[in-house]
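Novice:
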Amino acid sequence: MSNVTLEKVSRSFGDFVAVDSVDLRVEEGEFVTLLGPSGCGKTTTLRMVAGLEQNTGGRISIGNEVVSDAASKFVVPSERRRLGMVFQSYAIWPHMTVFENVAYPLRVRRRPNAEVQDLVMRALRLVEMERFAERPAPALSGGQQQRVAIARALVFEPKVLLLDEPLSNLDAKLRLQMGDEFRSIQKRLGMTSLYVTHDQSEAMALSDRVVVMDRGRIQQIGAPEEIYRRPVNRTVAAFFGTPNLLDASVESCRRIAGGRIQLDVAGQGWRGPCDAAAELTPGQSVTVMVRPEDARIAGPDAVRGEHELQWTGRIAHTIFRGPTRSVFVDTEGGRINVDAPAFGNYAIGDNVNVLVPQSAAWAVIGHKEAA
Amino acid sequence: MSISAELPPRPVPRPSLFAGLGAFGRALGATSAGRFIAIALLIAVLAFLSVYPLSMLLYGSLHSTPPGVAGEFNLDGYADVFTWQSFVTLANTVGISLAKTIPSLMLAILLAWILARTDTPMRGTLEVLVTLPFFIPPILTAMAWGMLGNPQVGLINQVYQWITGSTAPLINVYSYGGVVWHMMQYSVPFLFLLIVDAFRAMDPGLEEAARMCGASRWRTFRTVTLQLMMPALTGAAILSFVRGIENFESPLFFGSPAGIRVITTDIYDSINQRSPPQYQYATAISFVILVLLLLVVLAQWRMLKGRSFTTVTGKGYSPAVMKLGKWRWFTFALCMLFFVVTVVLPVGQLLIGSFFQFFGFYQWDMLTLDHYRAVFSSGEFWRGFRNTMLLGLVGATLTMLLGGIVAYVSVRTRWRGRMLIDGMAWLPWMMPGIVLGVGFLWGFALLPHAIPIYGTLWALLLAYISLGTPLSVRVMTSAYAQLSYDLEECSRVHGANWLQTMWRIMIALAWPAFAVGWVLLFFGIMRELSASVLLYSVGSEVLSVVLMKLWANGNAEQVSVIGMIMMVMVLVIRWIQLRLIKTRIGAL
Amino acid sequence: MLKSLGRIAALLGLIAAAAPASAQDASWQQVVDAAKKEGKVVVYNMALGAPYFTAVLKSFEAKYGISVESLDLRASELSERIRTEQAAGRYLGDLEIVTTTMIEEQLANGDYVQKLPQIPNAANLRPPFRATEHSIPAYVQSMGILINTRMVKDEDVPTSWADLNNPKWTGKILSDDMRPLGSGNTMFALLQHTMGAEFNEKLAAQKPVFSRDMRNDARRVARGEYPIYIPQVFAFASDLKGLPVKVVIPKEGAPFAEMDFALLKNAPHPNAARLFIQHFLEADSQLLYANAWMSPVVNGVAERANADAQPFAKAKLIGPAKLAERPAMMSLAKKLYP
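Protein chains in written order, with this note's numbering: chain B, 2 to 372; chain H, 5 to 592; chain D, 127 to 464.
1) Within 10 angstroms of its Cβ, does D/N326 collect 16 or more other Cβ (buried), or is it exposed?
2) Can you give me the C-alpha to C-alpha distance between H/L394 and B/R184, rounded to a whole angstrom?
3) From B/P1 to H/S414, what does the alpha carbon distance come to, in whole angstroms?
4) Can you name, in chain order, every residue of its own chain whose Cβ lies under 6 Å from the Cβ of H/Y178, other than the five neighbours on each side?
5) Let me know if D/Q155 comes out buried or exposed under the rule of 16 or more other beta-carbons within 10 Å of its beta-carbon.
6) When you compare the CB of D/D386 with every CB in chain H, is at least one pair closer than 8 Å?
7) Nearest to H/G383 by CA position, among D/T180, D/V167, D/A161, is which residue?
8) What are the residues in the region 476 to 501 of chain H lying within 8 Å of chain B by C-beta distance?
9) Determine the direct distance from the alpha carbon of B/T236 to that of B/V289, and round the result to whole angstroms.
10) For a contact defined as C-beta to C-beta under 9 Å, what are the partners of H/L256 on chain D?
11) B/V353: beta carbon under 7 Å from a heavy atom of the ligand ZN?
12) Can you tell me whether H/G590 is buried or exposed, with buried defined as 16 or more other CB within 10 angstroms of its CB?
13) With a cut-off of 8 Å, does the C-beta of D/K460 fall near any C-beta of chain H?
14) I want to see whether chain B comes within less than 8 Å of H/I580, judged by CB atoms only; does it?
15) Quick one: which chain B residues come within Cβ less than 8 Å of H/I509?
16) Taking 8 Å as the cut-off, decide whether the C-beta atoms of D/V374 and D/I271 are in contact.
17) So the alpha helix (DSSP H) B/A140 belongs to, where does it begin and stop?
18) Rounded to whole angstroms, what is the Cα-Cα separation between H/T145 and H/T168?
19) Along the chain, where does the beta strand (DSSP E) that runs through H/T481 open and close?
20) Along the chain, where does the alpha helix (DSSP H) that runs through B/G367 open and close?
21) In the region 253 to 292 of chain B, which residue ranges form an unbroken beta strand (DSSP E) of at least 3 residues, counting only runs that do not cross its ends?
22) Go to B/F32, then tell me how far its alpha helix (DSSP H) extends in each direction, as first and last residue.
23) Please return the same chain residues whose Cβ sits closer than 6 Å to the Cβ of H/S534, not counting the five positions on each side in sequence.
24) When you compare only the Cα positions, how much space is there between B/I63 and B/R83?
25) Kindly indicate if chain H contains any beta-carbon less than 8 Å away from that of B/F88.
26) List the residues that DSSP assigns as beta-bridge partners of H/W149.
27) If we require 3 or more residues per run, which beta strand (DSSP E) segments fall completely within the region 104 to 177 of chain B?
28) Could you check the C-alpha separation between D/A361 and D/M420 for me, to the nearest Å?
29) Is the shortest distance between the beta-carbon of H/L503 and the beta-carbons of chain B less than 8 Å?
30) Against B/R153, what residues of chain H qualify as contacts under a CB-to-CB distance less than 9 Å, listed in chain order?
31) Taking beta-carbon pairs under 8 Å, can you tell me which members of the region 231 to 243 of chain D lie near chain H?
32) Where DSSP assigns a beta bridge to B/V342, which residues make up the other side?
33) If we ignore side chains and look at the alpha-carbon of each, how far apart do B/P1 and B/S253 end up?
34) Within the chosen definition, does the region 45 to 56 of chain B reach the region 98 to 116 of chain B through at least 3 CB pairs nearer than 8 Å?
35) Suppose only complete runs of 4+ residues qualify. What are the alpha helix (DSSP H) ranges in the region 259 to 344 of chain D, listed by chain order?
36) Spell out whether any CB of chain H is found under 8 Å from the CB atom of D/A142.
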């Protein structure tokens, strides 16, 4: 296993900068996810690590060994980087059997037959596909192909495993199952993994750390919880779930216990304290993020607690989602989405209060326009 | 559901692939210098094979005498080309070629769809049968159709007159229709062979997606199936159109008696039937054709530019066939009809004729095996056969490999110079064969004597490779255009170098196309006469020269015997080829 | 009476044929020895493997133990290969056997052929055949009219070229194309002289149908597509026995194309080449041609031919065609047959 280091890695196509000066270090055995909307440069970044694309700037190292340096035009070709990769389309070769697909990385390295047999069957057992070894590859279902692709990527114990949206072609249920399975295999083998996805829940569930990218730049790197709770900017905040983003302005700022920073902010028809990542000066525009699951609906006469924020408004509509019910409340500050108990008694037009613990409100710089 | 998300091209431009060439290996491929050497090497090879003989011809077209004879540079050749008469001849040629290419393409698409995508009974056998006409030497089918369709005593006309009591003939092969018909017998199977694997390799998911969107079966076929096949279809159609322009036998046998003039007969006359031969005119008009045909190719480039035609993805698919119900007997009958008309009728004549002393005189006392005896006991036949087998095997294989590399560079890399390579590989097809043969003669003879090419088998081999490269490049280009990039990248990432990837993935996946191209080239080599007769020497006789000699000595029946031998070879090779394809698909 | 005359003629012919052999002096023996030392001779020819040609080669190889490499090419290919090879300094061939006019053309355009050495058998050539400085006749292809015996009644069989212009045959004559070079044009040019300009004009009015495939044309006539084909090279009809066709030798005579030997420049095996020419003109060699219905070019052979070949071997000849007249004749043909 090896680490992966990207130093100021860029990739431009003519005038278009797909990846802009990316710095990232993936530690040994770590599972890092590149997350972002399509076109954000995450796949290009992964492909540069794979050597399928050449960085026009910066340096990439795998296991402390430089594999690509734009300045000195030094490039180690893909096949000598000792990588495993799972493609979005799985790239299962239709002219080979399952066994031969998985054996391929060993065959091209001219490993003896007995060893190939042994390693391939072990890899197939790992993904529970040993029964299908002699099947022609096109005759597999999506989930099975996915497993084959993983087995192939793992079979020769690569330095790093690269995964390019491997779950995106599966149905929702299979996606969850495969994701969990994959994560457990990864943990068991302690495989350094770099994973690309546009699906935030996948990223949350699988990763040690998540790298959020947008427009070719890294927006934030951190543990899933941290990114979820404490996004550094509006873009990152907006990317996870369907948070309520409310415009406000800073009234005061103070440092409190544990080095945290607390603001007092005021919005249209509401005011109160919330947490922030950086110190801000009074008068500055901020966006306050409130997650629907942190809010609750209270009666029209409810009074907010000491550490709570409060909005008053009317229920605009509700959507039943199974475990919860989304309740949309129109307030002066904007429409707020609340995850309420599924079988509560909410009628459209009811006057209600929305209450949010102050610790669940998180402020990032800027308003909607500036995002 | 494997409804593909691959349809629109990815927004990110394709990467340049780090690739090297052959033995130059990995290090070479990883550097831009290596890439430069690789491309330079390719350019050098193609330049020698196609540009060099063409430059000899260009000289010939601009010089009052052929290379090696004192003369002066002038434009007389071109002046002779730009006359009203030449224009009429050219228009005539283009018209005839279009008249045969368009119906041939439609028929070929129909046959390919029936045989690759429906549950028509006995598809495997039919697939071998409908391609047979292509492999019969044209001179034989010309003779056979002359016997079947001459207005005086043609068999078809006699049957027609006997049935209807009419005295007017039904058909006359000595006409425009006859020329087109004779060409179609070759172009339909040719086009079929070039496109059928594209139909077979097509991911049905793409079609299913269209049907899901509410498109009718016909609309799906038109808007999805055909559109995705554009590179294969246009490439094949252009090849066929070019062949039509350069076809010689059909207009010679069926056109000239009716006063139909085309470019090739014009060229033939200017070389063979003027004294002295008008090489300047012949080469000049050939270059005019070359330019016109290059424009057609450019049009195709423009048309296909920036579109993605990936139908084979790494996601796998199950090649489903369409259930036609009772209609499948109709499609079956359609294929049989084609087979009967294009093979049974003419070849039946030839087969029966080969057992009689003379064609067309089927009397008991003339029944004989003499022609078979004569062929099998002829030392010359066996010598020609041996040489041709050797040249065919080696030539077809090398040509397909070269074509595979050229196609790869031109469709799957972003290398500078790839368009040049693609263009160079087209050139030999743009030149009428009779003239190109002269180009090889001039080119090889004028090489320094220390290079032992002229007068050896090498001359023939190189000429065959040159003549075959355009076809091999086209075949492999359409095959590659259908393969998704993932399949290749995945191989590189998992440790295979360029060459391994090429061999284990690209060639292996494009193998059906490779095999079809190989078969076409192999039999093309068996048939090639224009260049062969100018380059062969004593000891390096080839089968086509042997056939020509037999024909010239009035041994049409022995020519038929050899034709029959060639047919048997086609059947065997095609059968093996299709069985191999089947075992792959059948295992699913 | 006639028979015995024929016998005497044959006897004379034999003596004539034998004469050079008996006169063979030591110097000729030197040629033979040198030829044997050279070991082979390379002949560029247009016979395309015709059986009688191959038979002559075999007899040469058997007699002298010198191998013959025969490169079979069609006219334009042959002249272009020789021209290109010599331009490239590749002197590979010794001899060519081509039409008289092609040699004339080569002489006009360059020095592709060299002067012939003395060939003993040249003395035996029969008129009108004669050797020149650069060429010596090898064989001739004479031509007549082919008819389908089922379609042409006995009383209608043409006996003169002029009979072709009988209105009965309008649109019924298949002909080798008379416009380009080839036997059609040779016939056209020679008959223009013998029969007069009016003949060709009338023939054009008969609307003959042109073809380019000489070897298939006789069969087309046999199958009944057309009753008449012109010009039928006698030799090409000799292997049609059993088919309902007959070759007519018109009373005016048979136009012919003459094939000559020429020695190529810098021939690598000049002695073997010389010996080969000598051998080709031996009576026995020429007899092989006569038996294939061709007119022999030396004396005393026609009489020895097989009975069915005799009329053709002895046919009265019209010709040869002249190079100088060719352009005029080709353009005239083009005018008459637009």
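We treat Cβ as the ideally placed atom computed from N, Cα and C, and that holds for glycine. None of these values were measured; they are calculated from a predicted model.
Specialist: This is what the structure holds:
1) If you number the third sequence from 1, residue 326 of chain D lands on position 200. With 16 or more other Cβ atoms within 10 Å, it is buried.
2) Locating residue 394 of chain H in the second sequence gives position 390, counting from the first residue. Locating residue 184 of chain B in the first sequence gives position 183, counting from the first residue. Distance between the alpha carbons of H/L394 and B/R184: 57 Å.
3) No statement about residue 1 of chain B is possible, as the shown extent of chain B runs from 2 to 372 and does not include it.
4) In the second sequence, residue 178 of chain H corresponds to position 174, counting from 1. Here the set comprises F258, P261, A262.
5) Along the third sequence, read from residue 1 onward, the residue named residue 155 of chain D stands at position 29. By the Cβ neighbour-count rule, D/Q155 is exposed, with fewer than 16 other Cβ atoms within 10 Å of its own.
6) Indexing the third sequence from 1 puts residue 386 of chain D at position 260. Not an interface residue.
7) The count along the second sequence starts at 1 and reaches residue 383 of chain H at position 379. If we check each option's Cα against that of H/G383, D/T180 comes out closest.
8) Residues of the region 476 to 501 of chain H with a C-beta less than 8 Å from any C-beta of chain B: S488, D490, L491, E493, C494, S495, R496, V497, H498, G499, A500, N501, listed in chain order.
9) As a working note, residue 289 of chain B is residue 288 in the first sequence. As a working note, residue 236 of chain B is residue 235 in the first sequence. About 12 Å.
10) Taking the first residue of the second sequence as 1, we reach residue 256 of chain H at position 252. By Cβ distance, chain D contributes R338, D339.
11) What this structure holds is no ligand at all, so the ligand ZN is not there to describe.
12) Along the second sequence, one-based indexing puts residue 590 of chain H at 586. Confidence at H/G590 is low in this model, with a pLDDT of 44, below 50, so the placement of that residue is unreliable and no value is reported for it.
13) In the third sequence, the residue the question calls residue 460 of chain D occupies position 334. So, not an interface residue.
14) Counted from its first residue, the second sequence places residue 580 of chain H at position 576. Residue-level contact check: H/I580 does not touch chain B, since none of the beta carbons of chain B fall below 8 Å from its beta carbon.
15) The sequence position of residue 509 of chain H within the second sequence is 505, counting from 1. In chain order: W94.
16) Translated into the one-based positions of the third sequence, residue 374 of chain D becomes position 248. Translated into the one-based positions of the third sequence, residue 271 of chain D becomes position 145. At a Cβ-Cβ threshold of 8 Å, D/V374 and D/I271 count as neighbours.
17) On the first sequence, residue 140 of chain B is found 139 positions in, with the first residue counted as 1. B/A140: not part of any alpha helix (DSSP H); DSSP gives it neither H nor E.
18) If you number the second sequence from 1, residue 145 of chain H lands on position 141. If you number the second sequence from 1, residue 168 of chain H lands on position 164. One C-alpha to the other measures close to 27 Å.
19) For this step, residue 481 of chain H is matched to residue 477 along the second sequence. In the DSSP assignment, H/T481 falls outside any beta strand (DSSP E) and within the unbroken alpha helix (DSSP H) covering 461 to 485.
20) Residue mapping note: residue 367 of chain B aligns to position 366 of the first sequence, counting from 1. It is not in any alpha helix (DSSP H) - B/G367 carries neither H nor E in the DSSP assignment.
21) List check, beta strand (DSSP E) in window: 262 to 268, 271 to 277, 286 to 291.
22) On the first sequence, position 31 is the one that residue 32 of chain B refers to. Taken as a continuous stretch (DSSP letters only), B/F32 belongs to no alpha helix (DSSP H), being part of the beta strand (DSSP E) at 32 to 36.
23) Mapped onto the second sequence, residue 534 of chain H falls at position 530. Close CB contacts of H/S534 within its chain, under the 6 Å cut and outside five residues either way in sequence, are with G437, I438, G441 (chain order).
24) For the purposes of this step, residue 63 of chain B is identified with residue 62 of the first sequence, where counting begins at 1. For the purposes of this step, residue 83 of chain B is identified with residue 82 of the first sequence, where counting begins at 1. Approximately 9 Å, taken between the alpha carbons.
25) The residue you call residue 88 of chain B lines up with position 87 of the first sequence. Taking 8 Å as the CB threshold, B/F88 lines the interface with chain H.
26) As a working mapping, residue 149 of chain H is identified with position 145 in the second sequence. Looking at the DSSP assignment, H/W149 forms no beta bridge with any residue, so it has no partner.
27) Within the region 104 to 177 of chain B, the runs of beta strand (DSSP E) that reach at least 3 residues and sit entirely inside it are, in chain order, 161 to 165.
28) Translated into positions along the third sequence, residue 361 of chain D becomes position 235. Translated into positions along the third sequence, residue 420 of chain D becomes position 294. Our two residues, D/A361 and D/M420, have alpha carbons roughly 6 Å apart in a direct line.
29) Within the second sequence, the letter at position 499 stands for residue 503 of chain H. So no, H/L503 is outside the interface.
30) For the purposes of this step, residue 153 of chain B is identified with residue 152 of the first sequence, where counting begins at 1. Correct list: C494, H498.
31) Shown in chain order are the members of the region 231 to 243 of chain D whose Cβ falls below 8 Å from a Cβ of chain H: E231, N235, G236.
32) The count along the first sequence starts at 1 and reaches residue 342 of chain B at position 341. Residue identity differs from the one stated: residue 342 of chain B is Pro in this sequence, not Val. B/T325, per the DSSP bridge assignment.
33) With chain B covering only 2 through 372, there is no way to say anything about residue 1 of chain B.
34) Too few Cβ pairs lie closer than 8 Å, so no.
35) Complete alpha helix (DSSP H) runs here, min 4: 309 to 320, 323 to 331.
36) Numbered from 1 along the third sequence, position 16 holds the residue referred to as residue 142 of chain D. Residue confidence for D/A142 is low, a pLDDT of 48 falling below 50, so the modelled location carries little weight; the figure read from the coordinates is stated next. No, no contact with chain H.
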